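Visitor: For the protein sequence lines, the chains are A and B, in the order given. Residue 14 in this note's numbering sits at position 14 of the first sequence, with consecutive numbering throughout. This note's numbering runs 1000 ahead of the 1-based position in the second sequence. Beta carbons: idealized from backbone N, C-alpha and C, even for Gly. Note that this is a predicted model, so its numbers are computed, not measured.
Protein chains: 2
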Amino acid sequence: MACKRAGRHTSKIDDVKICAEAAIVGKKEGDGPLGSCFDMVLNDDEWNEKTWEKTESKMQREVLKLAADKAKIGLNEIDRVFSGDLLNQCIGAGFGLRDTGIPFYGIYGACSTMIEGIGLAAMSVDGGFADSAAAVASSHFCTAERQYRTPLEYGGQRTPTAQWTVTGTGAVVLNPGVRAGDVAIEYVTAGKIVDKGVKDANNMGGAMAPAAYDTIYTHLKETKRRAEDYDLIVTGDLGKVGAEIVTDMLNADGIKTAEIYNDCGCMIYDAEEQDVHSGGSGCGCIASVLCGVIIPRLRRGDIKRVLAVGTGALLSPTSSLQGESVPGIAHAVALCRAD
Amino acid sequence: MACKRAGRHTSKIDDVKICAEAAIVGKKEGDGPLGSCFDMVLNDDEWNEKTWEKTESKMQREVLKLAADKAKIGLNEIDRVFSGDLLNQCIGAGFGLRDTGIPFYGIYGACSTMIEGIGLAAMSVDGGFADSAAAVASSHFCTAERQYRTPLEYGGQRTPTAQWTVTGTGAVVLNPGVRAGDVAIEYVTAGKIVDKGVKDANNMGGAMAPAAYDTIYTHLKETKRRAEDYDLIVTGDLGKVGAEIVTDMLNADGIKTAEIYNDCGCMIYDAEEQDVHSGGSGCGCIASVLCGVIIPRLRRGDIKRVLAVGTGALLSPTSSLQGESVPGIAHAVALCRAD
């Protein structure tokens, strides 16, 4: 068998391209600085559905259809879909993709889910197990607030380190046959769980930053690359607080990130104007920014090589009530524009 | 690249063996007809932990350590672990495997999680992406009851079709290098979501049976095998009600299952003596029966070839409250004793 192991955490991908990608976001995200980049911006939180959970499911279904349309294939030509979300029992994915008929793998990596899914989908195609595979992830501000925090009507005050859950979703369709000009997947780095004992569930960025550091550091070491080999290293949703921490941690190791590092949670909103405190979060944050902004920039040749790092906080309201700290995880994929 | 696609749903696995497996169950499962087969039977529901959720996490951690010990490797020699459970945000897996340092993929397939995990772990090894990989899944009667149903103290009456969530966990460690006498993974079949409109959340077996049928039928068709090619076709946790339905559906298609079909939910308890109504359920049901009973039987040569089919119901309490039906999914792996 072909050895595609570049290290304990990192696998090399030889021949997988992103055929197409699509992103759908909510109104607030459409009003943000990246608003014009997404395939679709919703007018309201409901999208003609009776509950926000059904809206989130519809978002998953529609974004996958959009990506398949752009790839010029039917859903019946996709061999596997890897999908997840933040809702209990991942009902955004389960109900959203229920009627697609695509062989389905449910995944849960909290806000790292999109990158976890892209990594697994890439391996399923590169290993020859499937001819094509898709990854989808979503979050919705209203479903997340009522599940994790307080009823929206309560109008709870948010702390300065709190983040705003993105209403958004993204989907990619992958297959083999990389040619010049394609966006290819080069490496997949699987993160380990890192828990530094942060117990403040309103400081997810701080809790997840050490995991992001660990995965970026491990990726560079195992691939023998330097940060400068990337035009962009982008984390999922550390927000302003977490992005500063991971920058400090990397710089302390001599890994220079100035001008090449950014965070999707910082990019998607205008933090001052849109009152989002530390920035955006949720599975839909990196999913929508990656599919709406970053992959298209690679496709156009504006940038050549990107390390996309999804970051997740593996807590639940129950674990916090039981006094537990917040375990973090980060999964990475290296993307490049093929020569 | 090597083509390992046997059909849209099914991938062929060329060289992956189960190095070792382990199972831990609760007291009630230890009192059942398979009680003597498991590696460890707990004396109570707590196992010296303050909450049942912490107990479930401990079960995941300890069963993986047991399997690694039996495989004579350290946790630091496992390249990937795929794990999940039924708890909101999969905290059984996240907290259970937090300190292992193993690159972690969280998965959610409801009670199909163990087979989903074995399939993904097998592909990661067979594709050369990892030298070794593990899969773990768990459930705990007390964590499931209070999350999904009513407080245990309430003593709610259960319906005749209801199942009893297994307190149990199982783990496998996989690597390449199949030799005569090893238990090898031959095929992985990924299920699609099937929803026939069952809305009774107390009849999971009935809701999942059509998905189990679909996956078994698809597996046999894509591999060009007959049911009789297996010594055992075993579903995850359809219980008595679901097992009868899937048997009827298969027999109506001319697929004969008499004497070779069983269900882990029917095997793990004495339904009459142990008052479990339709039988066992939960991620830990097929996980513990597969790792405690079925794989060891293959290892001893008592049986030669098994199709293990994990079945999951992708609902949540929220989806049921919103009037939704219960989507089912089933993932399968074909195991055999190598000549």
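Determine whether the Cβ of H277 (chain A) lies closer than 7 Å to any Cβ atom of chain B.
Guide: Residue mapping note: residue 277 (chain A) aligns to position 277 of the first sequence, counting from 1. Taking Cβ atoms only, chain B never reaches closer than 7 Å to H277 (chain A), which makes this a no.
Visitor: Taking 7 Å as the threshold (C-beta atoms), are A209 (chain A) and G254 (chain A) in contact?
Guide: Residue numbering aside, residue 254 (chain A) sits at position 254 when the first sequence is read from its first letter. Residue numbering aside, residue 209 (chain A) sits at position 209 when the first sequence is read from its first letter. In this structure, A209 (chain A) does not lie closer than 7 Å to G254 (chain A) by Cβ.
Visitor: List, in order along the chain, the chain B residues whose C-beta lies closer than 9 Å to that of F141 (chain A)?
Guide: Residue mapping note: residue 141 (chain A) aligns to position 141 of the first sequence, counting from 1. None at all; the shortest Cβ gap to chain B is about 16 Å.
Visitor: At what residues does the beta strand (DSSP E) containing E62 (chain A) begin and finish?
Guide: Here residue 62 (chain A) refers to the residue found at position 62 when the first sequence is read from its first residue. Note, E62 (chain A): premise wrong, no beta strand (DSSP E); alpha helix (DSSP H) at W52 to K70.
Visitor: Taking its Cβ as the centre, do 16 or more other Cβ atoms sit within 10 Å of S36 (chain A), making it buried, or is it exposed?
Guide: Counted from its first residue, the first sequence places residue 36 (chain A) at position 36. Classification for S36 (chain A): exposed.
Visitor: Is the beta carbon of G119 (chain A) closer than 7 Å to that of V188 (chain A)?
Guide: Along the first sequence, one-based indexing puts residue 188 (chain A) at 188. Along the first sequence, one-based indexing puts residue 119 (chain A) at 119. Cβ distance < 7 Å, so V188 (chain A) and G119 (chain A) count as in contact.
Visitor: Any residues in the region 92 to 118 of chain A with a beta carbon nearer than 9 Å to a beta carbon of chain B? Which ones, in chain order?
Guide: Those would be A93, G94, F95, L97, R98, D99, T100, G101, I102, P103, F104, Y105, G106, I107, Y108, G109, A110, S112, T113 and E116, in chain order.
Visitor: Going straight from the alpha carbon of A1006 (chain B) to that of T1113 (chain B), what length do you get?
Guide: Working through the second sequence from its first residue, we reach residue 1006 (chain B) at position 6. Working through the second sequence from its first residue, we reach residue 1113 (chain B) at position 113. About 22 Å.
Visitor: According to the neighbour-count rule (16 or more other Cβ atoms, all chains shown, within 10 Å of its Cβ), is A330 (chain A) buried or exposed?
Guide: Along the first sequence, one-based indexing puts residue 330 (chain A) at 330. Result: buried.
Visitor: Grouping DSSP H, G and I as helix and E and B as strand, with all else coil, what is V241 (chain A)?
Guide: Translated into the one-based positions of the first sequence, residue 241 (chain A) becomes position 241. Helix, per DSSP.
Visitor: For P1248 (chain B) and E153 (chain A), what's the separation of their Cα atoms in angstroms?
Guide: Here residue 1248 (chain B) corresponds to residue number 248 of the second sequence, with the count starting at 1. Here residue 153 (chain A) corresponds to residue number 153 of the first sequence, with the count starting at 1. A quick correction: the sequence has Asp, not Pro, at residue 1248 (chain B). For D1248 (chain B) and E153 (chain A), the distance between alpha carbons rounds to 50 Å.
Visitor: How many angstroms separate the CA atom of V47 (chain A) from the CA atom of T55 (chain A)?
Guide: For the purposes of this step, residue 47 (chain A) is taken as residue 47 along the first sequence, with counting starting at 1. For the purposes of this step, residue 55 (chain A) is taken as residue 55 along the first sequence, with counting starting at 1. Contrary to the premise, residue 47 (chain A) reads as Trp rather than Val in this sequence. So the two alpha carbons sit approximately 6 Å from each other.
Visitor: For N1088 (chain B), which residues in chain A fall below 7 Å Cβ to Cβ?
Guide: Along the second sequence, read from residue 1 onward, the residue named residue 1088 (chain B) stands at position 88. Result: N88, S316 and T318.
Visitor: Taking beta-carbon pairs under 8 Å, can you tell me which members of the region 269 to 296 of chain A lie near chain B?
Guide: Residues passing the 8 Å Cβ filter: none.
Visitor: Do the region 211 to 219 of chain A and the region 283 to 300 of chain A meet, that is, are 3 or more Cβ pairs less than 8 Å apart?
Guide: The answer is no - the region 283 to 300 of chain A does not touch the region 211 to 219 of chain A, with fewer than three Cβ pairs under 8 Å.
Visitor: Under 7 Å between C-beta atoms, does C1019 (chain B) make it to chain A?
Guide: For the purposes of this step, residue 1019 (chain B) is taken as the residue at position 19 of the second sequence. Not an interface residue.
Visitor: Name, please, each residue of chain B whose Cβ falls closer than 8 Å to the Cβ of M123 (chain A).
Guide: As a working note, residue 123 (chain A) is residue 123 in the first sequence. In chain order: M1123, S1124, G1127 and F1129.
Visitor: Assign E259 (chain A) to one of two classes, buried (16 or more other C-beta atoms within 10 Å of its C-beta) or exposed (fewer than that).
Guide: By one-based count along the first sequence, residue 259 (chain A) stands at place 259. E259 (chain A) is exposed by the Cβ-count criterion.
Visitor: What does the Cβ neighbour count give for G74 (chain A), buried or exposed, with the cut at 16 atoms within 10 Å?
Guide: Position 74 of the first sequence, counted from the first residue, corresponds to residue 74 (chain A). Answer is exposed; the Cβ neighbour count stays below 16.
Visitor: May I have the straight-line CA-CA distance separating L232 (chain A) from I303 (chain A), to the nearest angstrom?
Guide: Reading the first sequence from its first residue, position 232 is the one you call residue 232 (chain A). Reading the first sequence from its first residue, position 303 is the one you call residue 303 (chain A). Cα-Cα distance, rounded: 8 Å.
Visitor: I want to see whether chain A comes within less than 7 Å of K1004 (chain B), judged by CB atoms only; does it?
Guide: For the purposes of this step, residue 1004 (chain B) is taken as residue 4 along the second sequence, with counting starting at 1. Taking Cβ atoms only, chain A reaches closer than 7 Å to K1004 (chain B), which makes this a yes.
Visitor: Quick one, which residues of the region 1044 to 1077 of chain B are near chain A if we go by CB-CB under 8 Å, in chain order?
Guide: Residues passing the 8 Å Cβ filter: K1050, T1051, E1053 and K1054.
Visitor: Among the residues of its own chain, which have a CB less than 8 Å from the CB of R1337 (chain B), if the five just before and after it don't count?
Guide: Working through the second sequence from its first residue, we reach residue 1337 (chain B) at position 337. Answer for R1337 (chain B): G1181, D1182, V1183, A1184, L1298, R1299, G1301, I1303, K1304 and R1305, listed in chain order.
Visitor: So, at 7 Å on beta carbons, what are the nonlocal neighbours of A271 (chain A) in its own chain, with the 5 sequence-adjacent residues on each side left out?
Guide: As a working note, residue 271 (chain A) is residue 271 in the first sequence. For A271 (chain A), where only same-chain residues beyond five positions count, the Cβ hits under 7 Å are K240 and G279.
Visitor: Under the DSSP definition of a beta bridge, which residues are partnered with Y1187 (chain B)?
Guide: For the purposes of this step, residue 1187 (chain B) is taken as the residue at position 187 of the second sequence. According to DSSP, Y1187 (chain B) bridges with B:K1012 and B:A1334.
Visitor: Along chain B, which residues have their Cβ under 8 Å away from the Cβ of Q322 (chain A)?
Guide: Position 322 of the first sequence, counted from the first residue, corresponds to residue 322 (chain A). Near Q322 (chain A) (Cβ distances below 8 Å), the residues of chain B are K1050, T1051, E1053 and K1054.
Visitor: Within 7 Å (strictly less), CB to CB, does A1207 (chain B) reach chain A?
Guide: If you number the second sequence from 1, residue 1207 (chain B) lands on position 207. Not an interface residue.
Visitor: Quick check on P103 (chain A): buried or exposed, where buried means 16 or more other Cβ atoms within 10 Å of its Cβ?
Guide: For the purposes of this step, residue 103 (chain A) is taken as the residue at position 103 of the first sequence. When all chains shown are included, P103 (chain A) counts as buried.
Visitor: Can you tell me the Cα-Cα spacing of N1251 (chain B) and T1257 (chain B), whole angstroms?
Guide: Position 251 of the second sequence, counting from 1, holds the residue named residue 1251 (chain B). Position 257 of the second sequence, counting from 1, holds the residue named residue 1257 (chain B). Using only the alpha carbons, I get a separation of about 7 Å.
Visitor: Throw me the rounded Cβ distance for the G1109 (chain B) and G1310 (chain B) pair, which I believe falls under 8 Å.
Guide: Here residue 1109 (chain B) refers to the residue found at position 109 of the second sequence. Here residue 1310 (chain B) refers to the residue found at position 310 of the second sequence. Correct: roughly 7 Å between the Cβ atoms.
Visitor: Considering only their Cβ atoms, is the gap separating I91 (chain A) from S1319 (chain B) smaller than 7 Å?
Guide: Position 319 of the second sequence, counted from the first residue, corresponds to residue 1319 (chain B). Position 91 of the first sequence, counted from the first residue, corresponds to residue 91 (chain A). The answer is yes: Cβ separation under 7 Å.
Visitor: Do the region 222 to 229 of chain A and the region 194 to 207 of chain A meet, that is, are 3 or more Cβ pairs less than 8 Å apart?
Guide: Output reads no: the region 194 to 207 of chain A does not touch the region 222 to 229 of chain A.
Visitor: In the structure shown, what three-state DSSP assignment does N1175 (chain B) receive?
Guide: On the second sequence, position 175 is the one that residue 1175 (chain B) refers to. Correct three-state label for N1175 (chain B): strand.
Visitor: Quick one: residues in its chain with C-beta nearer than 8 Å to the C-beta of G206 (chain A), no 5 flanking neighbours on either side, listed in chain order?
Guide: In the first sequence, counting from the first residue as 1, residue 206 (chain A) sits at position 206. For G206 (chain A), where only same-chain residues beyond five positions count, the Cβ hits under 8 Å are T161, V198, D200, V241, G242 and I245.
Visitor: Let me confirm a value: N1043 (chain B) is counted as buried when at least 16 other C-beta atoms fall within 10 Å, else exposed. Which label applies?
Guide: As a working mapping, residue 1043 (chain B) is identified with position 43 in the second sequence. Flag for N1043 (chain B) reads exposed.
Visitor: At what residues does the alpha helix (DSSP H) containing I360 (chain A) begin and finish?
Guide: The requested residue 360 (chain A) does not occur in the structure, where chain A is confined to residues 1 to 339.
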